[in-house]
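Taken in order, these protein sequences are the chains called A, B and C. Counting from 5, one number per residue, gives the positions in the first sequence under the working numbering. Counting from 3, one number per residue, gives the positions in the second sequence under the working numbering. Counting from 62, one number per residue, gives the positions in the third sequence under the working numbering. We put the CB at the ideal spot given by N, CA and C, even for glycine.
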Amino acid sequence: MIEQYIPVFLVIAFAIVFAVLVVFSSKLLGPQRPTPEKLSTYESGMKPVGSTHERVSVKYYLVAMLFIIFDLEVIFVYPWAVKFRILYNEIGTSVFVSMLIFLIVLELGYLYVYKKGGFKWE
Amino acid sequence: MNVDYLVNSLYLIKPELAIASALVLLVLIDLIMGNNKKFLPYVAIAGLIAAAYFIIGQFGMNSLAFVSKSNKGMIIADPFGAFFKGIVVFASLFVVYFSIKSDEIKASFERHGEYYTLIFGMILGMFFMISASDLILIYISLELVSFSSYVLAGFTKTALRNSEAALKYVIYGGVSSGIMLFGISILYGITGSTNLYEINSLIQSSSIPNLTFILSGILIFVGIGYKISAAPFHFWTPDVYEGAPITITAFLSVASKAAGFALLIRFIKITFIKSVDSAGYWQLVDLIDWKTFFIFLSIITMTLGNFAALWQDNLKRMLAYSSIAHAGYLLLGMAVLSNQGMIAIIIYFAVYAITNLGAFFVVMLIANKIGSENIDDYKGLGYSQPFLGVSLAIFLISLTGLPPTAGFIGKLYLFIALVDAKMITLAVIALLNSVVALYYYIRVLKNLFLSRPANGTFEFKVSFSNGLVLVLLAAPIIILGIYFTPLVDLAKNSMQILGF
Amino acid sequence: MSLELFLFLVFAAVAAVSGILMITRSEVVMAALFLILNLASLAGLYLLLNAQFIAVVQVIVYAGAIMVLFLFVIMLLRPEHEKIVTKISGIRTFAFIIAALVFVQLAYVILKSHPGSALNSDVTASVNAGTVESIGTELYTNYILPFEAAGFLLLAATIGAVVLAKRKFE
């Protein structure tokens, strides 16, 4: 069973090894002669002031939230698409209609966000 | 599995379809009409009336929808569900009217479309909650109700307490629904089914790991207990009731609780029942001792609710604690585990719904004018506004459970059920609790009638339509208090749950 | 040692270690990154349990979308400006007791109750249950109503998100 996923695991392993290799090889191979000036943050020649962590706007939250919702919507379409032909032969158009209703309800949400300016950056 | 199967099932869920279409219509109208939001409440009322019409039809039904070879059915159309859906629609109609009149809601005019849409989201979720017979549908409906009510609790966004209410609600809600999902997953793990009827037949025929089963049952109860605000899961109630807009508070205290109790009764009765004996007592599968569980829970819930209510100065907060106490009384009816107990719950709930809606309506009317819900600001209201004062008095007396109001009938049937089941100690504890409750309700009445008003506090007129609605809520309490046969007949009709 | 056992040990170890690292980090962003690692290794475990669809969803939704939201919220709140909660006495003990309780009950459920022993011990069905095909069949035939209800749930969530996050309405 699990053997069929070996390529996937290989890709994951390769990605991890490659990432680690790149990060550490530059650290190991490159010459490093640090001075306090070199290590300090570059802010156009000014002395760095305050924390680098600024509060981000609540607008990002809305974007992330909408992303999750539409991401979930897409998740429901995968099994439907995989199984559509077989189910269509078994039970006919109702399998199409059910997904249509689901999508209409959700696109209503999309339309709502669009009309209310949820996608605008104010 | 064919198209007929789906179409036939759709006939059985007409009320849900009506609400769903009204929801879609509300979003569309909000989008098309832009700033013209006058029509929204009327569309809402039309949708509710359509749903009510279909619900009346369901009183005669007794069947499962979405049945197939491998599934025993998703959702039930039966008189029991019809009754609780009726309560939800009844409450919704009044809440929509309250919303038209509420200053709090008027202030956030530009978000009215969202307001009514989310209320309909809640109603749809409650309908599913009331009639679902499958754990997955139960969980999704619970989440649908929760999501919508989180947003509605923090809807006005103007006051700090409003946002606080919403945040507390989300955190408690998230944790308890997570725990419930954990319980559902364990139950599915040991039985291999999410259908309540199927689980029932499985646990009757085979041996089940005992402790695991108790665990899953109690974990599932956490989610339901949160919705009905039973004792250890009640912490959100006072803050949310106080912080949310009054219309939403009224809706949560009546409709949300109705759906929660319907779900509880259905879950216990379908999943765990073995047989019902001739006297109407339920013989449950002896895996979980629900009787003891409910007895303890009801004692804690009502005592805690009543004693905490004693110290409250904010009327909304006091009504929140009183609604916790009422959840305790209703759990007494569960503890009896009999048809008689169920009739008592149904009668009690019908009365509680009318009374609580009325009480919150008066609080809202007064808050509209004087901007306060503090009990001390109600001093002398009975003199300058005798109509409001007397109505509030009727509602509070009914909540206490004194004759000649309908609240007395509710309590009477509850106590009779308890005494018949030979649970005298419990009846005495409940009685003592009612005495405690009397104290804090009377305290409000004392402020209403025995203190003189400060000059000019209550110089306003109650409009004709508001007065009419108030009479519509107050009159049944008196009438049902004297002539209660129709209520009892309705309850006896409504206790039929499919399959038993 | 079979391949499955080997992979299980790897994923389980990564999940456990990243879980511990997550709750012990004082830097919140680091904690969130370890949570991503934890969720990803859980996806591997799901795969080993023949729940392929759930594994993919776990990566796409949890390790992807929801973690993005987590990070945004962390940056929105900047928790390093907040007081450290662990100073409240007893809260660690309380958390430890709760965690121990959950551990014991899970261990009990797994060891004592022999899931699937008495009831529905249909192994082939349970192996097939996790595929995209069988989820599709169930979802669009038996569970069609919860599926549509989930649509309304997502609609309510969309509207709720906009109501909560948008200051000015048009």
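Residue i versus residue j - alpha carbon distance
i	j	result
residue 10 of chain A	residue 120 of chain C	17 Å
residue 247 of chain B	residue 125 of chain B	17 Å
residue 3 of chain B	residue 274 of chain B	Residue placement at residue 3 of chain B is poorly supported in this model, since its pLDDT is 49, which falls under 50; the coordinates still yield a value, given next. Those two C-alpha atoms are separated by around 29 Å.
residue 114 of chain A	residue 371 of chain B	39 Å
residue 18 of chain A	residue 122 of chain C	23 Å
residue 40 of chain B	residue 31 of chain B	10 Å
residue 418 of chain B	residue 198 of chain B	31 Å
residue 97 of chain C	residue 124 of chain C	5 Å
residue 102 of chain A	residue 119 of chain B	22 Å
residue 216 of chain B	residue 297 of chain B	16 Å
residue 307 of chain B	residue 324 of chain B	6 Å
residue 454 of chain B	residue 381 of chain B	6 Å
residue 69 of chain A	residue 113 of chain C	26 Å
residue 94 of chain A	residue 161 of chain B	56 Å
residue 33 of chain A	residue 47 of chain A	28 Å
residue 223 of chain C	residue 71 of chain A	12 Å
residue 104 of chain C	residue 136 of chain B	27 Å
residue 157 of chain C	residue 218 of chain C	33 Å
Boundaries of the alpha helix (DSSP H) in which residue i is found, first to last residue
i	result
residue 266 of chain B	259-274
residue 161 of chain B	Residue 161 of chain B -> no alpha helix (DSSP H), and no H or E assigned at all.
residue 167 of chain C	152-173
residue 465 of chain B	Looking at the DSSP string, residue 465 of chain B is not in any alpha helix (DSSP H), and its letter there is neither H nor E.
residue 29 of chain A	10-33
residue 148 of chain B	137-155
residue 254 of chain B	Element bounds for residue 254 of chain B: n/a, residue is neither H nor E.
residue 229 of chain B	212-229
Short CB-CB distance (under 9 Å) between residue i and chain A
i	result
residue 83 of chain C	no
residue 484 of chain B	no
residue 129 of chain C	yes
residue 103 of chain C	no
residue 97 of chain C	no
Contact with chain C by residue i, beta-carbon distance below 9 Å
i	result
residue 68 of chain B	yes
residue 3 of chain B	Reliability fails at residue 3 of chain B, whose pLDDT of 49 lies under 50, so the model's placement of it is uncertain and the value that follows must be treated cautiously. Yes, residue 3 of chain B counts as interfacial toward chain C.
residue 156 of chain B	yes
residue 27 of chain A	no
residue 153 of chain B	yes
residue 130 of chain B	yes
residue 13 of chain A	yes
residue 489 of chain B	no
residue 7 of chain A	yes
residue 149 of chain B	yes
residue 378 of chain B	no
Limits of the beta strand (DSSP E) - the one that residue i falls within
i	result
residue 284 of chain B	284-286
residue 79 of chain B	77-79
residue 67 of chain B	65-67
Residue j beta carbon less than 9 Å from that of residue i
i	j	result
residue 408 of chain B	residue 473 of chain B	no
residue 263 of chain B	residue 349 of chain B	no
residue 194 of chain C	residue 106 of chain A	no
residue 384 of chain B	residue 451 of chain B	yes
residue 95 of chain B	residue 51 of chain B	yes
residue 154 of chain B	residue 117 of chain B	yes
residue 44 of chain A	residue 52 of chain A	yes
residue 230 of chain B	residue 259 of chain B	yes
residue 134 of chain B	residue 268 of chain B	yes
residue 497 of chain B	residue 377 of chain B	no
residue 188 of chain B	residue 144 of chain B	no
residue 136 of chain C	residue 60 of chain A	yes
residue 332 of chain B	residue 356 of chain B	no
Short CB-CB distance (under 9 Å) between residue i and chain B
i	result
residue 221 of chain C	yes
residue 192 of chain C	no
residue 118 of chain C	no
residue 110 of chain C	no
Can you give me, in chain order, the residues of the region 47-71 of chain A that have a beta carbon less than 9 Å from any beta carbon in chain C?
Hits within the stretch, in order: 55, 57, 58, 59, 60, 61, 62, 63, 64, 65, 66, 67, 68, 69, 70, 71.
Determine which residues of the region 106-128 of chain B have a Cβ less than 7 Å from any Cβ of chain C, and write them out in chain order.
112, 113, 116, 119, 120, 123, 126
Could you name the residues of the region 99-122 of chain A whose beta carbon sits closer than 9 Å to any beta carbon of chain E, in the order they occur along the chain?
This model lacks chain E altogether, as its protein chains are A, B and C.
Positions along the region 7-33 of chain B whose CB lies within less than 7 Å of some CB in chain A:
8, 26, 29, 33
Select from the region 74-89 of chain A all residues with a C-beta closer than 9 Å to any C-beta belonging to chain C, and list them in chain order.
74, 75, 76, 77, 78, 79, 80, 82, 83, 84, 85, 86, 87, 88
Return the residues of the region 204-218 of chain C that lie within a Cβ-Cβ distance of less than 9 Å from chain A, sorted by chain order.
205, 208, 209, 211, 212, 213, 215, 216, 217, 218
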